[in-house]
Amino acid sequence: MNAVFKALADESRRKLLDELHKNNGQTLTQLCKHLDMTRQAVTKHLVLLEAANLVATVWHGREKLHYLNPMPLHEIYERWIGKYERHRLQALSDLKKGLEENQNQSKKG
(Lines of atoms letter the chains of each structure in order from A and count residues from 1; the text may use other names and numbers.)
(Lines give C-alpha, C1' and ligand atoms only; values in the text may rest on other atoms or scores of the structure.)
Protein backbone atom coordinates (compact mmCIF):
# COMPACT_ATOMS: atom_id res chain seq x y z
CA MET A 1 0.00 0.00 0.00
CA ASN A 2 2.96 2.33 0.54
CA ALA A 3 3.79 2.12 -3.16
CA VAL A 4 0.24 3.23 -4.01
CA PHE A 5 0.43 6.27 -1.72
CA LYS A 6 3.88 7.14 -3.12
CA ALA A 7 2.55 6.87 -6.67
CA LEU A 8 -0.47 9.03 -5.88
CA ALA A 9 1.67 11.69 -4.21
CA ASP A 10 2.79 13.08 -7.57
CA GLU A 11 0.43 15.31 -9.57
CA SER A 12 1.75 14.07 -12.93
CA ARG A 13 1.03 10.47 -12.02
CA ARG A 14 -2.47 11.42 -10.89
CA LYS A 15 -2.96 13.11 -14.28
CA LEU A 16 -1.84 9.92 -16.01
CA LEU A 17 -4.39 7.93 -14.01
CA ASP A 18 -7.07 10.51 -14.88
CA GLU A 19 -6.24 10.15 -18.58
CA LEU A 20 -6.49 6.38 -18.35
CA HIS A 21 -9.78 6.73 -16.52
CA LYS A 22 -11.12 8.89 -19.38
CA ASN A 23 -9.78 6.61 -22.09
CA ASN A 24 -8.39 3.28 -20.95
CA GLY A 25 -5.89 1.33 -23.05
CA GLN A 26 -3.67 4.13 -24.34
CA THR A 27 -0.18 3.89 -25.77
CA LEU A 28 2.74 5.89 -24.41
CA THR A 29 2.46 8.28 -27.38
CA GLN A 30 -1.22 8.90 -26.68
CA LEU A 31 -0.55 9.55 -23.00
CA CYS A 32 2.30 11.96 -23.80
CA LYS A 33 -0.10 14.16 -25.79
CA HIS A 34 -2.00 15.00 -22.60
CA LEU A 35 1.00 15.95 -20.48
CA ASP A 36 3.57 18.70 -20.72
CA MET A 37 6.61 16.49 -20.15
CA THR A 38 9.09 14.43 -22.10
CA ARG A 39 8.43 10.89 -23.22
CA GLN A 40 11.14 9.68 -20.83
CA ALA A 41 9.46 11.42 -17.88
CA VAL A 42 6.09 9.86 -18.73
CA THR A 43 7.78 6.46 -19.00
CA LYS A 44 9.37 6.94 -15.58
CA HIS A 45 5.98 7.79 -14.05
CA LEU A 46 4.34 4.81 -15.72
CA VAL A 47 7.00 2.49 -14.27
CA LEU A 48 6.14 3.71 -10.76
CA LEU A 49 2.41 3.35 -11.45
CA GLU A 50 2.99 -0.21 -12.69
CA ALA A 51 5.09 -1.02 -9.61
CA ALA A 52 2.19 0.17 -7.45
CA ASN A 53 -0.15 -2.02 -9.51
CA LEU A 54 -2.19 1.05 -10.51
CA VAL A 55 -1.45 0.52 -14.19
CA ALA A 56 -1.41 -2.76 -16.09
CA THR A 57 0.06 -3.15 -19.56
CA VAL A 58 -0.89 -5.41 -22.43
CA TRP A 59 1.00 -5.84 -25.67
CA HIS A 60 -1.22 -5.61 -28.73
CA GLY A 61 1.06 -6.37 -31.65
CA ARG A 62 3.85 -3.80 -31.46
CA GLU A 63 1.88 -1.45 -29.24
CA LYS A 64 2.04 -1.47 -25.47
CA LEU A 65 -1.33 -0.45 -24.08
CA HIS A 66 -1.71 0.96 -20.57
CA TYR A 67 -4.80 0.27 -18.50
CA LEU A 68 -5.95 1.68 -15.19
CA ASN A 69 -6.19 -0.93 -12.44
CA PRO A 70 -8.68 0.48 -9.91
CA MET A 71 -8.28 -2.30 -7.31
CA PRO A 72 -5.52 -0.65 -5.23
CA LEU A 73 -7.63 2.53 -5.10
CA HIS A 74 -10.64 0.50 -4.02
CA GLU A 75 -8.59 -1.13 -1.28
CA ILE A 76 -7.53 2.30 -0.02
CA TYR A 77 -11.15 3.43 -0.09
CA GLU A 78 -12.25 0.38 1.88
CA ARG A 79 -9.49 0.68 4.47
CA TRP A 80 -9.10 4.43 4.91
CA ILE A 81 -12.26 6.13 3.68
CA GLY A 82 -15.16 3.70 3.67
CA LYS A 83 -15.04 2.85 7.35
CA TYR A 84 -15.19 6.53 8.31
CA GLU A 85 -17.93 7.27 5.81
CA ARG A 86 -20.15 4.50 7.20
CA HIS A 87 -20.18 6.16 10.62
CA ARG A 88 -21.09 9.52 9.11
CA LEU A 89 -23.86 8.03 7.03
CA GLN A 90 -25.23 6.19 10.06
CA ALA A 91 -25.17 9.44 12.07
CA LEU A 92 -27.05 11.24 9.31
CA SER A 93 -29.60 8.43 9.13
CA ASP A 94 -30.09 8.52 12.91
CA LEU A 95 -30.48 12.30 12.81
CA LYS A 96 -33.09 12.06 10.05
CA LYS A 97 -35.06 9.43 11.96
CA GLY A 98 -34.93 11.51 15.13
CA LEU A 99 -36.13 14.64 13.34
CA GLU A 100 -38.95 12.72 11.65
CA GLU A 101 -40.03 11.27 15.01
CA ASN A 102 -40.03 14.75 16.59
CA GLN A 103 -42.02 16.10 13.66
CA ASN A 104 -44.59 13.29 13.95
CA GLN A 105 -44.92 13.84 17.72
CA SER A 106 -45.41 17.59 17.17
CA LYS A 107 -48.25 16.90 14.73
CA LYS A 108 -49.96 14.58 17.22
CA GLY A 109 -49.56 16.91 20.20
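As numbered in our numbering, residues 3 to 111 make up the sequence shown, in order. Don't be surprised by glycine CBs; every beta carbon is placed ideally from N, CA and C.
In the structure shown, what three-state DSSP assignment does residue i receive?
i, result
"His89", "helix"
"Lys99", "helix"
"Leu94", "helix"
"Thr29", "coil"
"Leu70", "strand"
Please name the residue in the options whose C-alpha comes closest to that of residue i.
i, options, result
"Leu56", "Lys8, Arg81, Asn106, Ala43", "Lys8"
"Tyr69", "Asn25, Lys85, Arg16, Val6", "Asn25"
"Asn71", "Ala53, Glu65, Glu87", "Ala53"
"Leu28", "Ala5, Leu10, Trp61", "Checking the displayed sequence, the identity of residue 28 turns out to be Gln instead of Leu. Of Ala5, Leu10, Trp61, the residue nearest in Cα terms is Trp61."
"Glu65", "Gln92, Leu30, Ser95", "Leu30"
"Leu18", "Met3, Met39, Asn4", "Met39"
Between which two residues does the alpha helix (DSSP H) holding residue i run?
i, result
"Ala11", "Counting along the chain, Ala11 falls outside any alpha helix (DSSP H), and DSSP gives it neither H nor E."
"Glu80", "Unbroken run through Glu80: none, as it is neither H nor E."
Please report the residue range of the beta strand (DSSP E) in which residue i lies.
i, result
"Lys46", "From DSSP, Lys46 is part of no beta strand (DSSP E) but of the alpha helix (DSSP H) over 41-53."
Identify every residue that forms a DSSP beta bridge with residue i.
i, result
"His36", "Paired residues: none, contrary to the question."
"Glu65", "His62"
Roughly how far, in whole angstroms, is the beta-carbon of residue i from the beta-carbon of residue j, given that I think they are within contact range, below 8 Å?
i, j, result
"Cys34", "Val44", "5 Å"
"Arg16", "Leu22", "Their Cβ separation, rounded to whole angstroms, is 11 Å, which puts Arg16 and Leu22 out of contact at 8 Å."
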